[in-house]
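Colleague:
Number of protein chains: 4
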Amino acid sequence: MRHWHWLIEWDTPTLGHIKAIKRVVYSGRSKYQDIIVIETYEYGLALVLDGKTQSTEFDEFIYHEALVHPAMILHGAPRKVLILGGGEGATLREVLKYGSVERAVMVDIDEEVIRVCREHMRFMNEGVFEDKRVSLVIGDALDYVFNTNEAFDVIIADLSDPIVEGPSYKLYTREFYSRVGEILSPNGVFVTQATSPTNTPETHAVIYSTARSVFPKTTYYHIFIPSFEALWGFVITSKTLDPRGLDPERVDEALARHGVKTRFYDSIAHIHMFSVPRNLREFIERESRVSTFDNPVYMPA
Amino acid sequence: MRHWHWLIEWDTPTLGHIKAIKRVVYSGRSKYQDIIVIETYEYGLALVLDGKTQSTEFDEFIYHEALVHPAMILHGAPRKVLILGGGEGATLREVLKYGSVERAVMVDIDEEVIRVCREHMRFMNEGVFEDKRVSLVIGDALDYVFNTNEAFDVIIADLSDPIVEGPSYKLYTREFYSRVGEILSPNGVFVTQATSPTNTPETHAVIYSTARSVFPKTTYYHIFIPSFEALWGFVITSKTLDPRGLDPERVDEALARHGVKTRFYDSIAHIHMFSVPRNLREFIERESRVSTFDNPVYMPA
Amino acid sequence: MRHWHWLIEWDTPTLGHIKAIKRVVYSGRSKYQDIIVIETYEYGLALVLDGKTQSTEFDEFIYHEALVHPAMILHGAPRKVLILGGGEGATLREVLKYGSVERAVMVDIDEEVIRVCREHMRFMNEGVFEDKRVSLVIGDALDYVFNTNEAFDVIIADLSDPIVEGPSYKLYTREFYSRVGEILSPNGVFVTQATSPTNTPETHAVIYSTARSVFPKTTYYHIFIPSFEALWGFVITSKTLDPRGLDPERVDEALARHGVKTRFYDSIAHIHMFSVPRNLREFIERESRVSTFDNPVYMPA
Amino acid sequence: MRHWHWLIEWDTPTLGHIKAIKRVVYSGRSKYQDIIVIETYEYGLALVLDGKTQSTEFDEFIYHEALVHPAMILHGAPRKVLILGGGEGATLREVLKYGSVERAVMVDIDEEVIRVCREHMRFMNEGVFEDKRVSLVIGDALDYVFNTNEAFDVIIADLSDPIVEGPSYKLYTREFYSRVGEILSPNGVFVTQATSPTNTPETHAVIYSTARSVFPKTTYYHIFIPSFEALWGFVITSKTLDPRGLDPERVDEALARHGVKTRFYDSIAHIHMFSVPRNLREFIERESRVSTFDNPVYMPA
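Below is the structure:
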């Protein structure tokens, strides 16, 4: 049999990834984006938004563990957590693994993505939206952050990339990060997905330099996501705690103390992610541009 | 302009990478393989053998530094180095950076690859084949290793993958590794490329378990190669020195002492590569098959 | 925007057609095949079975008019018509345009294709299945033809291609055509789709030589179908009427007399289809193999 | 083996043809265009200019016979022939088959295409450039036509398509056709390739309506070219002879009289090409725009 149904994900007009589609599980369009759920041969079910793979059955645990756990463990005992985006529910799933969490607010603009994932990708959200600690807000993360006066111990930005005219680019600016700083509790930690340091290194570096212009103790870390066929980047920061000051040897101990089970993340994975090779370090740290409301930095289209 | 000339690299029949070809610099066929040199948009010049990208102008330094330097530094003061494969010349280039090296033997079966790279990809081999320390042998690495009685401080296997009926699969077997052990000097170090731990995890794991069946101090390490859009794996071993015993903090010092300049590799990159996240560690260490002449383990075709 | 959702239709492993998918309207699998209905950019809605475009909104009229009208007009006054296959309903739609038709039996094995087309591609079958002259049989065309003892004026084979181990190859054999001859009325006409004379010229030629081995007055004709990006072939035959004996000038008159409106087919289109250039004529007429139950001729896989 | 080297020819950003490349025979760039000669699996050697297949070993005879012979036979006894474009040499090859031809001038702007075809695609031009009747001019067809005062019996425009900012769009305008009329001998015939009536129907129709605005006896004809996977269109015209007035039955006789051997073209092929089905006829004849120097009509980019 020759495969005839394909997803081509473009990094640029001259570079892409091609995956055969075994089955279309769901296909539709919300107010904000094209949504398809497909079954792939290598990665099982995959959620694809506007042609970009967001999460797959095979490896979503890597992305979600990498996004959530360093921030939770850096804080130490988070009680209140705010998730911006995260429609699949898996970021919430990781957050709820911590017994210390008393309240988790998740703000996502696209109700349809949540509905589709609850129906077709239950492995990412089984039970989480029914958890009594959870408060789900359908709305714009920007509005929520500027209008709330609640303080959070950990804030996690699990957002779409800052593309031109996209819904998210303001959520990667100095103004936004300043406001995030205001609603973080004194030892609060903020982490954001920060695009791919290899596919869009400039965007990644600007997110880092923007966060650093607000929070002095900022750093970045990276992990390879098989279904993205790329390194993925994160930026983590706090007003008081230095992410580089966390002794990685203590990660295993902290996970055990919280009773958190992981498949990817542990002390060694933490060391791996936070040890960025020389060429990438030099590239990222050379960047000095700061993204602002008036002068945002976009991903190349 | 719509791009019309493409390279599609297949990981499997249902998963691939698609790159536009800007220009064909060379196209031909040797006794052993299809050889093309193309100019790409993202990675500059690329050597592609039988449809697989081997090295690109943009990022070959990552692969070659990752392959060569941990072994050289683990040994400490290598005088005699044997390279199996490595037709582009860049492995040799990295080896020759060490002033301690007095003799470097490179054995490659495909003279045509060497000729094409010397003509079209000089950035990988400028001057190296003219270096008086170098002895170039055109021939089968298997024959060379079984027939030489010279001892080497470092042996580097920069070979094509162990595919069914390919020319290389015997170079990933217990018999071959046993013979490598016999021609290593007492503190000699052996390192081999070990396929991608994410694309072909079973093959990678078997190479590790095969080496471990011969050398007790074996380990594996990984690095992301942008133009491969994948993690790449290596297996490193020695009869006497434990690769895990090397204090990574000393890598920078050792590079400085040898006067070796690198772009990617340093102490932090070393830590990164040797710190393999939990899920991959568990997968690799679970493998117990050993590849032998009679019962070789191949890469899935 | 870069398109990311694609259909690749393969003629061979080294030749294909690539179409962007705007929207997946339906995706499923029947007992017999993968069924998808997609919206394309150039051709509107398209029914795709096992990765092969069957009919599109933009140009299905060409195929269906070419299949049906030459046979209907050659007969002159068909009262009873048998359609084998034709699940979309458009072959039936063309047949029912003739006021002379009193009874049209359609036999298709895949009820699911009919259901999907009735729900999602109504432009091909609006009202036809409700027409009182129509009798729809869900079943195997082979069984139907061997078991009926009814005589038909026109028999139309609108079947899937004769692929190895496919459900249809017996419907292109001498035995089948002999039986078709037995259930044709004295001036009855038989027409079958006959694969592409340019993509699969040998298969096309064997269908012709097989029909000719049963019916002496057989001929072939061709038309270009834009969404197939290929010529398509048909074989038409009768026990008594010579398809080449039909004066094409009379086609317009006959269509007018029957009150049949067409978009593609008329006297000039008839001349076009039945005038096959020299190279194709010579290729087709050189073929002497005959497909039989015991020794079927398949399409290259 | 999975094929990894591909040509994708785009009709639109959402529709294309994909062919595996077996071997790159030549790759380069002239002052005007990218030139590659590849070996394909289905069509043998192919000349590809700026990503568009121009001619293949397998089926170039169809295009070149269709372009040349109707015009030559309509004239009856051409002595002087002018070819505009036609770098491969195959149009010239067909023209030189007529013993009546005393002088054939070929004007092509791209010397490099001619050189590459003479070296790598000899089947299209063996001996033709050495023929004493031939005069080869490297230059712009527009300049040549406006500057010559020689009269020609047949003028053949074998040019690249009229794309925006391309070198050819002026060669499809009323002004150009008017000048062509001035250098045609009294019974002279002009024929031009006229793009694909199915891929770019508007462009095809405008070429026809432009020619018709100058020459009252103009018509169009079409043929399927397998390697283009499309119908191809031509426009033929004369000041005095009606192309529709040529009795196709006389084509075979005329070919025999001139001693011209063909593989595709004969009386029946002539009928086929000039009998255009209703939907295409109606589309083409509805067009009234005329392309001019000031207001040219381009192909959609």
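Protein chains in written order, with this note's numbering: chain F, 26 to 326; chain P, 26 to 326; chain E, 26 to 326; chain D, 26 to 326. We put the CB at the ideal spot given by N, CA and C, even for glycine.
1) Decide if Ala281(E) is buried, meaning its Cβ has at least 16 other Cβ atoms within 10 Å, or exposed.
2) Distance cutoff 8 Å, beta carbons only. Does Glu67(E) sit that close to anything in chain D?
3) Between the segment 28-42 of chain E and chain F, which residues of the former have CB atoms less than 7 Å from a CB of the latter, in chain order?
4) Give the range of the alpha helix (DSSP H) segment to which Ser263(P) is assigned.
5) Can you find a CB in chain P that lies within less than 8 Å of the CB of Asp239(F)?
6) If we require 3 or more residues per run, which beta strand (DSSP E) segments fall completely within the segment 158-186 of chain E?
7) Would you please verify whether the beta carbon of Ser80(D) is less than 8 Å from any beta carbon of chain E?
8) Using a cut-off of 7 Å between C-beta atoms, extract the partners of Ile296(F) located in chain P.
9) Within 10 angstroms of its Cβ, does Gly284(P) collect 16 or more other Cβ (buried), or is it exposed?
10) Near Tyr66(P), which residues of its chain fall below 7 Å by C-beta distance, leaving aside the five closest residues on each side in sequence?
11) Which chain D residues sit within Cβ distance under 7 Å of Asp291(E)?
12) What's the C-alpha gap between Phe83(F) and Arg288(F)?
13) Beta carbons nearer than 7 Å to chain E: which residues of the segment 233-265 of chain D have them?
14) Quick check on the DSSP output: the alpha helix (DSSP H) that includes Ala281(D) runs from which residue to which?
15) 8 Å is my cut-off, CB to CB: does Arg140(F) come that close to chain E?
16) Going along chain A in order, which residues have a C-beta closer than 9 Å to the C-beta of Gly111(P)?
17) I need the DSSP call for Phe249(P), collapsed to helix, strand or coil.
18) Whose Cβ in chain E lies nearer than 9 Å to the Cβ of Lys44(D)?
19) Suppose the cutoff is 8 Å on Cβ atoms and the five residues either side in sequence are ignored; what does the same chain contact list for Ser125(D) look like?
20) According to DSSP, which residues form a beta bridge with Thr51(D)?
21) Taking Glu155(P) and Glu254(F) to be in contact with their CB atoms under 8 Å, please state how far apart those CB atoms are, rounded to whole angstroms.
22) Is it the case that the CB of Val179(P) approaches a heavy atom of the ligand FMN more closely than 7 Å?
23) Given that Val49(F) touches chain E, what residues does it touch there, using C-beta distances under 8 Å?
24) Of all the CB atoms in chain P, is at least one closer than 8 Å to the CB of Arg199(F)?
25) Check Met149(F) in the structure and name its three-state DSSP category.
26) In this structure, how does DSSP classify Glu307(D) when only helix, strand and coil are distinguished?
27) Starting from Gly76(P), find everything on chain D with Cβ-Cβ shorter than 9 Å and list it in chain order.
28) Measure how close the beta-carbons of Leu266(D) and Leu121(D) come, nearest whole angstrom, since I'm counting them as under 8 Å.
29) Along the segment 211-232 of chain D, where does the CB come closer than 7 Å to a CB of chain E? Name the residues.
30) Go ahead and label Ile232(E) buried or exposed: buried means 16 or more other beta carbons lie within 10 angstroms of its beta carbon, across all protein chains shown.
31) Name the chain P residues that come within less than 8 Å of Arg282(F), Cβ to Cβ?
32) What's the C-alpha gap between Asp291(D) and Leu72(F)?
33) Compute the distance between the beta-carbons of Met97(E) and Gly111(E), then report whether it is under 8 Å.
34) Look at the Cβ atom of Thr235(D), then the Cβ atom of Tyr194(D), and state whether they are nearer than 8 Å.
35) Per the DSSP calculation, Leu209(P) is bridged to which residue(s)?
36) Among the residues of its own chain, which have a CB less than 7 Å from the CB of Val276(D), if the five just before and after it don't count?
Modeller: Reading it off the structure:
1) exposed
2) yes
3) For the segment 28-42 of chain E, the set of positions with a beta-carbon nearer than 7 Å to some beta-carbon of chain F reads Trp29, His30, Trp31, Leu32, Ile33, Glu34, Trp35 and Pro38 in chain order.
4) From DSSP, Ser263(P) is part of no alpha helix (DSSP H) but of the beta strand (DSSP E) over Ala255 to Ser263.
5) The sequence shown places Val at residue 239(F), rather than the Asp named in the question. Cβ-Cβ to chain P under 8 Å: no for Val239(F).
6) Taken in chain order, the unbroken stretches of beta strand (DSSP E) that lie wholly in the segment 158-186 of chain E and span 3 residues or more are 159-163 and 177-183.
7) No, Ser80(D) does not count as interfacial toward chain E.
8) Ile296 and Ser300
9) That one is exposed.
10) Ala45 and Lys47
11) Arg303
12) 12 Å
13) Phe249, Pro251, Glu254, Ala255 and Leu256
14) Glu274 to His283
15) no
16) The structure shown contains no chain A; its protein chains are F, P, E and D.
17) Here Phe249(P) sits in strand by DSSP.
18) Thr39, Leu40 and Gly41
19) Ala102, Pro103, Arg104 and His283
20) Residue identity check: residue 51(D) is Tyr in the sequence provided, not Thr. DSSP output for Tyr51(D) lists Val62(D) as bridge partner(s).
21) Not confirmed; about 39 Å, so no contact.
22) The ligand content of the structure shown is nil, which means the ligand FMN is not present either.
23) Val49, Ser52 and Ile61
24) no
25) Under the three-state reduction of DSSP, Met149(F) is assigned to helix.
26) helix
27) Met26, Arg27, His28, Trp29 and His30
28) In fact, because the Cβ distance is near 22 Å, the residues do not count as touching under 8 Å.
29) Thr223
30) Looking at its Cβ environment, which holds 16 or more other Cβ atoms inside 10 Å, Ile232(E) is buried.
31) In chain order: nothing, as chain P lies at least about 17 Å away.
32) 57 Å
33) no
34) no
35) Phe177(P)
36) The beta carbon of Val276(D) lies closer than 7 Å to those of Ile98, Asp291, Ser292 and His295 in the same chain, with the five residues before and after it left out.
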